[in-house]
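Counted the way our numbering counts, the sequence shown spans residues 498 to 656.
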Amino acid sequence: MDGDSRRAKAAELVEKYGSALFRLCLVMLRNAPDAEDAVQEALLRYIERAPEFENAAAERAWLFAVAANRCRDSLRAARRHPQLTLDELAGLGAEESDLGLLDALMKLPEKYRLALTLHYVEGYSAGEIASMTGRTPSCVKMRLKKGRELLGKEIFDGE
498 MDGDSRRAKA AELVEKYGSA LFRLCLVMLR NAPDAEDAVQ EALLRYIERA PEFENAAAER
558 AWLFAVAANR CRDSLRAARR HPQLTLDELA GLGAEESDLG LLDALMKLPE KYRLALTLHY
618 VEGYSAGEIA SMTGRTPSCV KMRLKKGREL LGKEIFDGE
């Protein structure tokens with residue numbers, strides 16, 4: 498791919514998937530700068546070595562899996578930034594009514610945040626999440642169940 502083709506493909510990817518990838522990475526990493534980096538790395542990986550996809554759903558699933566892996570890599574590295582505050586979330590355009598939910602979601606362990614975000618925010622089924630994360634569908638379902646329980650405790654106990 499030449500330079501102009503890469504720029505055009507990057508612009509197309511940002512338009513199609515940028516917001517959704519950013520939401521996923523923001524929930525996983527809990528801060529905007531690291532989320533932006535993870536999205537950028539996922540998009541670069543796509544441009545450099547994405548396989549041929551059968552359809553748009555496979556392309557989207559591949560990008561989400563790569564972005565989630567980039568987030569996990571960042572989480573393993575030393576934390577460079579503090580957790581987002583509610584004021585910072587409000588500054589990112591989150592609806593006022595969503596701030597409590599987003600704050601509670603960000604306090605959950607990563608494996609539950611990922612499953613809940615992919616399922617409820619991005620609309621993936623347990624089977625699709627399983628193929629993206631390398632887990633079994635039953636494992637994903639258990640993470641969704643446990644994540645909902647933890648989220649409920651976080652929301653209602655935090656009041």
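Don't be surprised by glycine CBs; every beta carbon is placed ideally from N, CA and C.
Use the C-beta contact count for residue i: other C-beta atoms within 10 angstroms, 16 or more gives buried, fewer gives exposed.
i	result
asparagine 528	buried
serine 571	buried
aspartate 531	buried
phenylalanine 561	buried
arginine 557	buried
alanine 612	buried
arginine 573	exposed
arginine 610	buried
Suppose you measure from the CA of residue i to the CA of residue j; what does that come to, to the nearest Å?
i	j	result
isoleucine 626	glycine 620	10 Å
lysine 604	glutamate 512	29 Å
lysine 608	arginine 503	33 Å
aspartate 654	leucine 523	24 Å
isoleucine 544	valine 536	12 Å
phenylalanine 519	glutamate 533	7 Å
alanine 565	leucine 521	8 Å
arginine 640	threonine 633	11 Å
alanine 623	alanine 555	15 Å
aspartate 501	alanine 507	10 Å
cysteine 636	proline 606	15 Å
leucine 647	leucine 599	13 Å
alanine 547	isoleucine 652	39 Å
glutamate 549	tryptophan 559	11 Å
tyrosine 514	arginine 569	19 Å
alanine 553	alanine 505	17 Å
methionine 629	valine 618	15 Å
Of all the options the options, which has the alpha carbon lying nearest to the alpha carbon of residue i?
i	options	result
leucine 510	Met525, Leu523, Lys608, Leu541	Leu541
arginine 567	Ala505, Trp559, Ala539	Ala539
arginine 645	Gly631, His616, Met629, Lys506	His616
leucine 602	Gly631, Thr630, Lys638, Gly649	Gly649
isoleucine 525	Asn552, Val563, Thr614, Gly515	Strictly speaking, residue 525 in this sequence is methionine, with isoleucine absent from that position. Nearest option by C-alpha distance: Thr614.
glycine 631	Ala553, Val618, Val563	Val563
For the region 591–638, which segments carrying the alpha helix (DSSP H) assignment without a break, of at least 4 residues, lie completely within its bounds, in sequence order?
596–603, 607–613, 623–630
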